[in-house]
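Asks:
Residue numbers (my numbering): 1 to 1165.
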């Protein structure tokens, strides 16, 4: 962008400050001498003899300033000749990018700036547009994902394919930090492992013939020497990467993060512009530190930090001249990053809170005043991009100083209202992945992150019980262990405090984005954020599996926790101002959000099915309960539209009213986000989808509501106004008529729940791996130490090997325990646990309120029930042993509320989705396996308990009965004949794969629920007969299938040519056996609790049921007990997968039934 002409800068814009209008000032342009002194102070002329002496220099006024400034800027500018000299040794375009026209192999996504790339096939390769043949050159690669990649240099002769990439051909050389190797046809160990957020520098010295790599500025040593050189040999930067791996290149379009002395970047830095920008910034700094005292007619030196933009014409006109040259330069990324960002960071270096640095606010005011809108927009965009890149690719150091530094500047910029709104509207969600600002990366290399200094002493639990908790009581610890544990805990606390500083800054950023009082310059920030946030959720909900659009789950976890903190703080502030509102502790989402069309749920499934179907079938209920009328023409249109979509895509129907992204392009790539460009250039085939609304949404007649696309909503649509309920339109009678909180916060809470469902829960489960590794290594180390203690002194060779193993395990545990401290502080801390618990309680209350609306419950999205179940599972399984769920406030009451939801809704006719029904059934089955949660089921009201048992005893035909049967078995286990075991007796010597499985919990029978079952079966004779007939039918089927399967297995095992059996077949066989045993146990339970069903001959079905039972038991005994029969032979084969198939479980179940019938059959006689 060329600088605008000289002369006075006032031609650019008519400058007038608000302060001029607020308080009339008499100040005019100051006298000529003072003005000349001031301008000479700001723009000093340096001649060869030194600075010009005040007495002999020419007077300087505004009329000469343009020419004077042009002259100053031309001084020291490199000549055309010197510019050309730096190009020697390099061929190709001056602007170096990736060669997306001919220099690639495989499928790749490339960002718009042609610097970021994502692999989209098995092994894709791409090279740059420029090559080098002489001299010393460098470029940097920002690693966005730590998978399989080979980065380095190649010649034009290299031919790559889907199997061979950079380093696999003779004239190509590569470093691979995933496998920690270097490649040039053959491969050897080299370097260190890299992680997402690292920077790799690739250096080539074509004078000496060497190639070297650096990781985060630390040299990894010379990788290759004596590389091929000479006429016709030139090297291109190149990369090969596997599916979904991503990086971004910096060839010199931005300052290199780790420049190496003697090596030039492939792309020339803009030296002339850089010199100009630094000079102009120097002039601005002088203005900031100089005050004109008009009374005494002198210039006064002042502190920069106290400078204010008062609107004195002299200063403004001077600044306007500077900005005439400075503004166009601030649109270039290199200059923004090297000059402006460093200047602003320097202002904040003094420490203190961001509010104590008003200078940044004044400077931003100046930018908006003296720069054209397009210039300030581009400048802010580039500044935010540079900050995000710097934050993400800074190495972790013990005090997290780099991260704090960049977050403080981000906070300072977002404090500026106009800048904040521009960035929110156009940059933070559209161009940038601003969620990166809320992420704290986990260091893979503990030593470099300084964790050894922060946590000098490591510790790990040494005695574990089956649930992975440290079995040993503190009093049983040795003094040495206690000291180590306490030192480790102190180190963890130090680390946690440092991480909390970063988290606090991240929450501040979010609070600025959620400000709803800044209405002075148009729409408040919160409503801009809300619409962008909804769009962000839509992309992540609808683009599952599309690599360029999904937010990585590790970012989503951090974003969720910061958002919960920010939302709760605003919620509680609202409560203090309006005591009638609900506190954040009691937060929930009211049910009308689910059906009034004000909040878009995209194509997410509702409990009652498709939205279009619900609007058709429940239109009368909507009219009577919520005062909302659906136009018949709208129902017809939505039905036709769903048909069209089914024909077009064959995918699930899109619900009516799903707001689409109004013509917006598909999301930019998350994975290659260092370059922050949209990844919508798909090499090989076009891969950009544009989503547009299918039709305008017609509002219903009875209540005037506007159903708008997300980005069109205003504050009034969300918060409402007089006579308009906003998001809470259509309140049902069951819902209390009291304010909850600001309605915008309700929508953000709804979005947080959706985020948890999309990927947060899955990520919480993934990070548990580190704790599991610590557990496994601790057991291995303990085992090794015991072997060392037992090793005979004469076997020195064995002792040496054992000591080597001990050393390896101890080193690994030291590393892992420090890494675990970091993960516990960032993901599994007490505060994070309370966030997930808050979410669980909010979901429970939301489901309870929706349930009260009767048939309108069908409109609730499925994810609320999913999150209620999953968040409970996370609290129970992922946060222990460091934090225990029992210590949470109101824990037992919450367990009981969740039990009531599971008990009521697992057979709720309003819920139609088979997946959610299965999930509810599985959650209930898991719930009854653990004593605490089983007691919670027993605490729910009796009416609900009886209804639950009635649903469990419904006939097994036409429904998934295996889980129901499993629930009944768990309620009985511990009461049956020979049924007090946790694991089968013959398996006790083997170690279970996962001791935490519900099926491996100690028996905890429920006598209360057994009593309900007995009462129901004895009172309702018809239900008892149909239930037992269905159990006998399923037993007949399961046992027959089992016998058929073991015959096939026996035949396969006896064939000489095939001595193996399909594992799937073995699995099905074991499942049929387990089902047979569990059905027999349910029969034993029924015979024990209600013997009269079989033995009271006054019941019409008793004789028939007893006869059927006797036949089946006879069949089982015949098959299982005969000597050297089929069952015996298969059991003795001991096939993997058939471990549970044995005589004991099935025979004790049959014996239990027979004993009860014999005992109870004697009584009447």
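All C-beta atoms in this analysis are idealised placements derived from N, C-alpha and C, irrespective of residue type, glycine included.
Nearest to residue 1169 by alpha carbon, out of 158, 345, 568 and 283?
Replies: Here the chain covers residues 1 to 1165 and nothing more, so residue 1169 does not appear.
Asks: Is residue 714 helix, strand or coil when you go by DSSP?
Replies: Within the chain shown, the letter at position 714 stands for residue 714. Of the three classes helix, strand and coil, the one that applies to residue 714 here is coil, per DSSP.
Asks: So is residue 552 buried or exposed if we call it buried at 16+ other beta carbons inside 10 Å?
Replies: Within the chain shown, the letter at position 552 stands for residue 552. By the neighbour-count rule (16 or more Cβ atoms within 10 Å), residue 552 is buried.
Asks: Run through DSSP, which three-state label would residue 353 get?
Replies: Position 353 of the chain shown, counting from 1, holds the residue named residue 353. Three-state result, residue 353: coil.
Asks: Could you spell out the range, first to last residue, of the beta strand (DSSP E) harbouring residue 392?
Replies: Here the question's residue 392 lines up with position 392 in the chain shown. First-last for residue 392: 373-392, but that is the alpha helix (DSSP H), not the beta strand (DSSP E).
Asks: Sorted by chain position, which residues of the same chain lie with C-beta nearer than 7 Å to residue 1034's C-beta, five sequence neighbours on each side aside?
Replies: Here residue 1034 is taken as the residue at index 1034 of the chain shown, counted from 1. Counting only Cβ-Cβ distances below 7 Å, and skipping sequence neighbours, we find 956, 961 and 1079.
Asks: Restricting to Cα atoms, I'd like to know which of 1117, 974, 132 and 305 is closest to residue 202.
Replies: To locate residue 202, count along the chain shown from 1; it is residue 202. Closest option to residue 202, Cα to Cα, is 132.
Asks: To the nearest angstrom, how far is the alpha carbon of residue 929 from that of residue 1006?
Replies: Translated into the one-based positions of the chain shown, residue 929 becomes position 929. Translated into the one-based positions of the chain shown, residue 1006 becomes position 1006. Roughly 10 Å separates the two Cα atoms.
Asks: Give every residue of the same chain whose Cβ lies closer than 6 Å to the Cβ of residue 205, excluding the five residues on either side of it in the sequence, and list them in chain order.
Replies: Sequence index remark: in the chain shown, residue 205 carries index 205 (1-based). Within the same chain, residue 205 has close Cβ partners 136.
Asks: In the structure shown, what three-state DSSP assignment does residue 141 receive?
Replies: For this step, residue 141 is matched to residue 141 along the chain shown. Reduced to three states, the DSSP call for residue 141 is strand.
Asks: Taking Cβ positions, are residue 862 and residue 916 nearer each other than 8 Å?
Replies: Residue mapping note: residue 862 aligns to position 862 of the chain shown, counting from 1. Residue mapping note: residue 916 aligns to position 916 of the chain shown, counting from 1. Against a cut-off of 8 Å, the Cβ pair of residue 916 and residue 862 comes out as a contact.
Asks: Assign residue 1147 to one of three DSSP states: helix, strand, or coil.
Replies: Translated into positions along the chain shown, residue 1147 becomes position 1147. Three-state DSSP puts residue 1147 in a helix.
Asks: Quick one, which of 387, 614, 140 and 276 has its alpha-carbon nearest residue 43's?
Replies: Translated into the one-based positions of the chain shown, residue 43 becomes position 43. Comparing Cα positions, the closest option is 276.
Asks: Helix or strand or just coil, what does DSSP make of residue 455?
Replies: Counting from 1 along the chain shown, the entry for residue 455 is found at position 455. Coil.
Asks: Quick check: the Cα distance between residue 66 and residue 326, rounded to an integer number of angstroms?
Replies: As a position in the chain shown, residue 66 is number 66, starting the count at 1. As a position in the chain shown, residue 326 is number 326, starting the count at 1. Computed Cα separation, rounded: 13 Å.
Asks: Cα-Cα, which of 198, 182, 242 and 246 is closest to residue 225?
Replies: Residue mapping note: residue 225 aligns to position 225 of the chain shown, counting from 1. Among 198, 182, 242 and 246, the Cα nearest to that of residue 225 is on 182.
Asks: Which class does residue 500 belong to by DSSP, given the choice of helix, strand or coil?
Replies: The residue given as residue 500 occupies position 500 in the chain shown. Residue 500: helix per DSSP, three-state reduction.
Asks: Grab me the residues of residue 566's own chain with a C-beta within less than 6 Å of its C-beta, minus the 5 sequence neighbours each way, in chain order.
Replies: Position 566 of the chain shown, counting from 1, holds the residue named residue 566. Cβ within range, chain order: 507, 510, 511 and 514.
Asks: Quick test of the definition: if touching needs 3 or more C-beta pairs under 8 Å, does the stretch 390-400 touch the stretch 433-446?
Replies: Result yes; three or more Cβ-Cβ pairs closer than 8 Å.
Asks: On the DSSP letters alone, give me the boundaries of the beta strand (DSSP E) that residue 149 sits inside.
Replies: In the chain shown, the residue the question calls residue 149 occupies position 149. Run containing residue 149: 149-154, per the beta strand (DSSP E) assignment.
Asks: Just how far apart, CA to CA, sit residue 1075 and residue 985?
Replies: Counting from one through the chain shown, the residue named residue 1075 turns up at place 1075. Counting from one through the chain shown, the residue named residue 985 turns up at place 985. Answer to the nearest angstrom: the Cα atoms are 19 Å apart.
Asks: If you scan the stretch 797-867 from start to end, which runs of the alpha helix (DSSP H) of 4 or more residues do you find wholly inside it?
Replies: Runs of the alpha helix (DSSP H) inside the stretch 797-867: 830-851.
Asks: Candidates 148, 254 and 534: which alpha carbon is nearest residue 754's?
Replies: Looking up residue 754 in the chain shown gives position 754. Here the closest residue by C-alpha is 534.
Asks: Helix, strand or coil for residue 182, going by three-state DSSP, please let me know.
Replies: Start at 1 with the first residue of the chain shown, and residue 182 comes out as number 182. Reduced to three states, the DSSP call for residue 182 is strand.
Asks: Buried or exposed: which applies to residue 1096, given that a residue is buried once 16 or more other Cβ atoms fall within 10 Å of its Cβ?
Replies: In the chain shown, the residue the question calls residue 1096 occupies position 1096. With fewer than 16 other Cβ atoms within 10 Å, it is exposed.
Asks: Can you give the beta carbon distance from residue 287 to residue 318, rounded, assuming they're within the 8 Å contact cut?
Replies: For this step, residue 287 is matched to residue 287 along the chain shown. For this step, residue 318 is matched to residue 318 along the chain shown. Sure, about 6 Å apart at Cβ, within 8 Å.
Asks: Going by DSSP, which residues form a beta bridge with residue 202?
Replies: Position 202 of the chain shown, counted from the start, is the residue given in the question as residue 202. DSSP lists 139 and 213 as partners of residue 202.
Asks: Count the other CB atoms, across all protein chains shown, that sit within 10 Å of the CB of residue 628; report buried if there are 16 or more and exposed otherwise.
Replies: Taking the first residue of the chain shown as 1, we reach residue 628 at position 628. Burial call: buried.
Asks: Taking the alpha-carbon positions, what's the residue 104 to residue 366 distance?
Replies: Within the chain shown, residue 104 is the residue found at index 104, counting from 1. Within the chain shown, residue 366 is the residue found at index 366, counting from 1. Approximately 46 Å between the Cα atoms of the pair.
Asks: Only counting runs of 4 or more residues, tell me where the alpha helix (DSSP H) segments fall wholly within the stretch 271-320, in order along the chain.
Replies: Runs found: 271-288.
Asks: With three or more C-beta pairs closer than 8 Å as the rule, is the stretch 1121-1134 touching the stretch 1080-1095?
Replies: No, the stretch 1080-1095 is not in contact with the stretch 1121-1134.
Asks: Since residue 222 sits in a beta bridge, which residues does DSSP pair it with?
Replies: The count along the chain shown starts at 1 and reaches residue 222 at position 222. Paired residues: 212.
Asks: Is the stretch 112-121 touching the stretch 247-259 in the sense that three or more CB pairs, one from each, lie closer than 8 Å?
Replies: The stretch 247-259 is in contact with the stretch 112-121.
Asks: On the three-state DSSP scale, how would you describe residue 748?
Replies: Residue 748 sits at position 748 when you count from the first residue of the chain shown. In this structure, residue 748 counts as helix in the three-state DSSP scheme.
Asks: Only counting the same chain, and skipping five residues up and downstream in sequence, which positions put a Cβ closer than 8 Å to that of residue 1166?
Replies: With the chain running from 1 to 1165 in the structure shown, residue 1166 is simply not present.
Asks: Within its chain, find whatever has a CB closer than 8 Å to the CB of residue 488; leave out the 5 residues flanking it on each side and keep chain order.
Replies: Locating residue 488 in the chain shown gives position 488, counting from the first residue. 455, 457, 458, 459, 817 and 821.
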